[in-house]
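Participant:
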Amino acid sequence: MKNVVVISTSLRPGSNSHTLAEQFAEGAESAGNEVELISLKWKEIKFCIGCLSCQKTGACVFKDDVPAIMDSVLNADVVCWATPIYYYEMSGQMKTLIDRMNAMYPKDYRFRDIYLLTTAAESEEDTPKRAESGLQGWIDCYEKSALKAHLFCGGVNDSRKINGNPKLQEAFELGKNV
């Protein structure tokens, strides 16, 4: 059994990327894993100010929802990020959280396997590449971890929901096989 944390970064209710995150989480849970699905909707996440105090103290100077999220990530075996693609990049909420997780850098961590789920209105294969590259920058700071898979579902937006899309089953199977 693995401890799996799924971070859904969209703030839009019923978003396509959150739907993918739910399917991944259900798949992982159906395989007997312990799963925590964290939605950033309604979370207070302040911007990093680059003071680097966290590198000395192991904690950020801000008191918001980030420390609890970091604790979950530090104790996870598997971390799955789900994000909509905005302007060919990860959501701003995801980038802000990654920046704030700088306090994790000097700490011990359990996670080894990282997954990325992305959705976009555009369907070109290279649409999510910048988001993957941005996440890879975070992964590179944790040398015992690696990006295991990136599932992209293009051609979906408010008017073209993900419901019925075969990528939902792929997300479930991906979660099931963590």
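Position 68 of the sequence shown, counted from 1, bears residue number 118 in the working numbering, the numbering being contiguous throughout.
Beta carbons are placed, not taken as given, at the ideal position from N, Cα and C, and that holds for glycine.
By the 10 Å Cβ neighbour count, where 16 or more other Cβ atoms means buried, how is Leu102 classified, buried or exposed?
Facilitator: Residue environment for Leu102: exposed (fewer than 16 other C-beta atoms within 10 angstroms of its C-beta).
Participant: Helix, strand or coil: which one does DSSP assign to Phe202?
Facilitator: strand
Participant: When you compare only the Cα positions, how much space is there between Ile119 and Ser173?
Facilitator: 31 angstroms
Participant: Are there 16 or more other CB atoms within 10 angstroms of the CB of Met151, so buried, or fewer, so exposed?
Facilitator: buried
Participant: Does the beta-carbon distance from Arg180 to Glu139 come in below 8 angstroms?
Facilitator: yes
Participant: Three Cβ pairs or more, each shorter than 8 angstroms: is that satisfied between the region 162 to 173 and the region 79 to 87?
Facilitator: no
Participant: May I ask you to list the residues that DSSP assigns as paired with Ala170?
Facilitator: Gly204
Participant: Relative to the C-alpha of Val129, which residue among Cys203, Phe97, Lys52, Ile164 is closest?
Facilitator: Nearest Cα to Val129 within the set Cys203, Phe97, Lys52, Ile164: Ile164.
Participant: Identify whether Asn66 lies in helix, strand or coil by the three-state DSSP scheme.
Facilitator: Shown here, Asn66 sits in a helix according to DSSP, grouped into three states.
Participant: Which same chain residues end up closer than 6 angstroms to Met144 when comparing Cβ atoms and leaving out the 5 residues on each side of it in sequence?
Facilitator: Thr59, Thr133
Participant: Take Lys113 as the anchor and find which of Ile57, Glu220, Lys96 has the nearest alpha-carbon.
Facilitator: Lys96
Participant: Exposed or buried, which one is Ala109 when buried takes at least 16 other CB atoms within 10 Å?
Facilitator: Exposed, because fewer than 16 other Cβ atoms sit within 10 Å of the Cβ of Ala109.
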